[in-house]
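The next block holds one structure in the form of structure tokens; read it before the comments.
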Amino acid sequence: MPRERFEQITRNLHFVSSEAAHLEDDQLWKLRPVIDMFGDVFREVFVPEQNISIDKSLWKFRGRLFFKTYNPSKRARFGLKVYKLSASEGPCAGYTSVFRIYAGKDKGSIPSSQWAVMDLMERGGYIWKGYNMYCDNWYTSPTLFHFLQSRKMGAVGTVRSNWRFMPKDFKVSRKGEVAFRSSATGMLALAWMDSKQVFMLSTIHTSQMATVARRWGPDASKPQCVVDYNAGMKGDLGTSSPAHTLLRKSLKWYKKSFFTCMTLPLSIDMRFLSI
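So that you can map any letter, position 161 of the sequence shown is 161 in UniProt numbering, and since no number is skipped, the others follow by simple counting.
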């Protein structure tokens, strides 16, 4: 295809008619058919094993958009925030099964981080099926984990010590020191001193310790939930991007997002080709 023809198609790329009926509160209506199509295909192609992880990424975009996010601590500071549910084990570790684009603050009393987890789980159909979820401290809270536990789902994650219902007298000072609390429902709260204090929350672990081999020096002792958490959060394949990117510069957020959606399955394809 000649370059001029490709550029002409890209300039006139639309996924829904501007006159088509859509929900007034759907900020993603210009990309809704694409989001639904990719979502259905991702869920049908592969069903994750027992362990899954939830994380967020940033689709770079600097154009005008009211739900564009800004994170000064990242190299790519502007873009669309995307929540992803990925497989955490097996040859397809890192496969994005469900994703959700953040389109502004959600209405309601539930924090956006907890709402994102609940929405991803329901979209994927993973509730009541015995999955184990791994997430970082942006999502983890006793309230969310209790919700998942009541629906036959396990959950493991780092947690902020100042969350509501977390133990208040929960500190460790010496390296290797461990403190833990357990609720009546079997939820474990654990504090472990590594190079800094690490706080964990789990509904599938006990206070069991594990011996971890180190390349240099003697073997180290770590809580088993920390070891499993590190393994469960390795699912993100963001660094395994294709050598020739599909991304194209565009002032239209829905065009940029479309090309980004096209790259989601490519990392797992590269994983299979390298086996």
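Beta carbons: idealized from backbone N, C-alpha and C, even for Gly.
Check	Outcome
Start and end of the alpha helix (DSSP H) containing W253?	W253 to T263
Check whether the Cβ atoms of S73 and C135 sit closer than 9 Å, and answer yes or no.	no
With the cut-off set at 9 Å, would you say A189 and S195 are in Cβ contact?	no
Going by beta carbon distance, what residues of the same chain come within less than 6 Å of P142, once the five residues before and after it are set aside?	F165
Less than 6 Å between C-beta atoms, sequence neighbours within five positions excluded: which residues of the same chain meet that for Q114?	L144
With distances taken between CB atoms, is the gap from G124 to V82 smaller than 9 Å?	no
Using alpha carbons as the reference points, say which of V178, K252 and I204 lies closest to H14.	K252
Would you check if the distance between the CB atom of P48 and the CB atom of A87 is smaller than 9 Å?	yes
Measure the CB-CB distance between E89 and G232 and report whether it falls below 9 Å.	yes
Thinking just about the alpha-carbon of each residue, which of K129, R32, T140 and Q149 is nearest to the one in S112?	T140
Which runs of the alpha helix (DSSP H), 4 residues or longer, sit entirely within the region 116-162?	142-149
Go through its chain and collect everything with a Cβ distance to G79's Cβ below 7 Å, but skip five positions before and after it.	L58, W59, K60, F61, K68 and T69
Which two residues bound the contiguous beta strand (DSSP E) that contains F199?	Q197 to S202
Locate the alpha helix (DSSP H) running through G232, then write down its first and last residues.	Q224 to G232
Consider the Cβ of A220: report whether some Cβ of chain C lies at a distance smaller than 9 Å.	Note that chain C does not occur in the displayed structure, where there is just one protein chain.
Does the distance from the CB of V16 to the CB of R32 come in under 9 Å?	yes
On the three-state DSSP scale, how would you describe P242?	Because the pLDDT at P242 is just 48, under 50, the model does not fix this residue reliably, and the point stays unresolved.
How many Å lie between residue 281 and I204 at the Cα?	Residue 281 lies beyond the range of the chain shown here (1 to 275); nothing can be said about it.
DSSP puts A179 in a beta bridge; with which residues?	A191
Tell me whether the beta-carbon of Y229 lies closer than 9 Å to the beta-carbon of V117.	no
What would DSSP say about V82, mapped onto helix, strand or coil?	strand
Are the beta-carbon atoms belonging to K234 and Q197 less than 9 Å from one another?	no
Our contact map puts V227 next to A220 with C-beta atoms below 8 Å; I'd like the distance itself, whole angstroms only.	The pair is not a contact, with the Cβ atoms about 10 Å apart (cut-off 8 Å).
Bridge partners of S53, per DSSP?	S86 and Y134
Tell me which residue opens and which closes the alpha helix (DSSP H) that F15 is part of.	F15 -> no alpha helix (DSSP H), and no H or E assigned at all.
Taking the alpha-carbon of K30 as reference, which of N71, Y254, C261 and H146 has the nearest alpha-carbon?	Y254
Quick check: what's the CA-CA separation for K129 versus T206?	22 Å
Can you tell me the Cα-Cα spacing of L148 and K168, whole angstroms?	23 Å
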